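Report on the structure given below.
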Amino acid sequence: MLYVPAPRLRFHTPGIKPRRLFATCFAPVLLVTAFAGSGLAQFTSGAQSQDITPNARAQGMGRAFTAIAEGPNATWWNPGSLALQTSISMSPWSSADLVPEFADVQFNSYGIVGARKGTGFSFHLSNLDYGSSDFGDSSEYTLLLGGGLDLVSLTGHRPGPLSVGVGMNLKRFSVDLKPDWAAPERVGESGSGWDFDLGALVGYEVPLDLGESEWIGDSSLRFRGGAVLKNFLDSTIDYDEQNESDPLLRRTCLGLAIDGTFGRLEPLGPIVQAVASIDHISSSLGRRDIQHWGGELTLLNMVSLRRGHIEDKDGAITDSTEGYGVGFSFPFRGGSVRSVRFQYDHAEVPQATGLSHVLHDSIALSVELR
């Protein structure tokens, strides 16, 4: 089914001709049909780079990641998770060709996140390259700088079953669109804007008694709930040479997750890990809310299989996502480093009928300290 959502919202002064959405002639249709309409265009805003899921793990799980928010891109999902991270993680490469058949529209993201002594920090960059014209390259980016606090740790309590984190992102948006000979009505534009994200994450872990054998020790269930208010100020992107602006759109994301760890086999780690999650998303447009959900099964801390469900803002399209991950951990017996882990993740996301699935790939490195 071909799904083309309504054009990007915009505000402009009468007499100023509205600009095109993208740098190439066909990108307006092609980009919004990428991810089957239910993907990229779940809420169309003035900065498309902020709307695209940055990591392949979350893509494969149906983008239900608000209550999980782990890894290098955690701050994009929920800044409340930053001080609760168990390792310093970085992603030097995460990439997807959004419309591989017709346009050189490329998405890349980079991130680093870490926590120490009750505080967390993060850096995240999403870059959306719309391709080239005779006048140059057109692109945009979303930059996030985040910080978080572990409220339980800062109150002097020892780590226990309860975890509570809060955090905030400072966001910077930049858009640089060149003129296009294929669309004479579109003039070149450059614009920028900024806003904030606020987030919270609460978790509670319950140990499981599965018997006396050593290999089935360290089993537990964990319940997590997350809430994020993205673009708290409901700001706009303002353009340098024209009296126009595009809305960034305030949105609310609520998430629930339950995950279990069953057994442990040294030096590999947990024998079986399973997680299921659901997200509920609404925007300041007042349109229909959307839900994503998904799950992940990991064996021997090395191989992960994922499946998810996504839907669009009108409820007209629902699709399934899938993915896998391969990771290896290297433990250290002494020193300040407990382990180092390398992770590769892959996801396939549906597009409109007749187009190939979008392939999203990510690489991550994490270091766990004692």
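Mature numbering (1 follows the signal peptide of the UniProt record, and there is no 0) puts the sequence shown at residues -36 to -1, 1 to 334. Beta carbons: idealized from backbone N, C-alpha and C, even for Gly. Please read all numbers here as calculations on a predicted model, not as lab measurements.
Secondary structure remark: continuous beta strand (DSSP E) runs of at least 3 residues inside the segment 3 to 69, in chain order: 52 to 61. DSSP, reduced to helix, strand and coil, places Leu212 outside both helices and strands of the structure shown, so it counts as coil. For Ser303, the enclosing beta strand (DSSP E) stretches over residues Val301 to Val313. Straight-line spacing of the CA atoms in Met132 and His324 works out to 27 angstroms. Ala22 places its beta carbon 9 angstroms or farther from that of Gln49.
With contacts defined as CB atoms closer than 9 angstroms, Gly224 and Val192 fail to qualify as a contacting pair. For Ser156, the uninterrupted beta strand (DSSP E) run begins and ends at Glu153 to Leu172, by DSSP. Distance check between Arg302 and each of Tyr308, Ser293, His310 and Ser58 places Ser293 closest, using alpha-carbon atoms only.
In this structure, Pro43 is the residue among Pro43, Val139, Leu172 and Ser268 with its C-alpha nearest to the C-alpha of Val128.
When secondary structure is reduced to three states using DSSP, Ser127 falls in the strand class. With the rule of 3 Cβ pairs closer than 8 angstroms, the segment 152 to 162 does not count as touching the segment 111 to 127. In this chain, the alpha helix (DSSP H) harbouring Leu118 covers Leu115 to Leu118.
Closest by C-alpha distance to Ser58, out of Tyr288, Gly190, Gly75 and Ile201, is Gly75. In the DSSP assignment, Ile254 is bridged to Ile245. For Leu193, the enclosing beta strand (DSSP E) has its first and last residue at Ser183 to Lys194. Taking C-alpha positions only, Pro295 is separated from Gly26 by approximately 31 angstroms. With a cutoff of 9 angstroms on beta-carbon distance, Leu264 and Pro234 are scored as near each other. Taking the Cα positions, Arg214 is about 6 angstroms away from Lys194. Between Ser45 and Gly190, the C-beta gap is smaller than 9 angstroms, which places the two residues in contact. About 4 angstroms separates the CB atoms of Ala11 and Phe137; that is less than 8 angstroms, so the two are in contact. By DSSP's assignment, Ser90 forms a beta bridge with Ser73 and Thr106. In this structure, Gln307 is the residue among Pro314, Gln307, Val322 and Thr106 with its C-alpha nearest to the C-alpha of Pro56. Lys135 carries a strand assignment under DSSP once its states are collapsed to helix, strand and coil.
Shown here, Ser199 sits in coil according to DSSP, grouped into three states, outside any helix or strand. In this structure, Ala328 and Gly24 do not form a Cβ contact; the two beta carbons are roughly 14 angstroms apart against a cut-off of 8 angstroms. In the structure shown, Leu264 falls within a coil segment according to DSSP collapsed to helix, strand and coil. For Phe294, the three-state secondary structure derived from DSSP is strand. The three-state reading of DSSP puts Arg80 in strand, counting E and B together. Taking each of Ser248, Val290 and Glu286 in turn and checking the Cα distance to Val267, the smallest one comes out for Val290.
Leu269 is bridged by DSSP to Leu261 and Tyr288. Counting along the chain, the unbroken beta strand (DSSP E) around Asp325 starts and ends at Val322 to Leu333. Cβ neighbours of Gln14 within its own chain (closer than 6 angstroms, five residues either side excluded): Thr106. Assigned with DSSP and collapsed to three states, Leu141 falls in strand. Linking His321 to Trp40 through their CA atoms gives a straight-line distance of about 24 angstroms.
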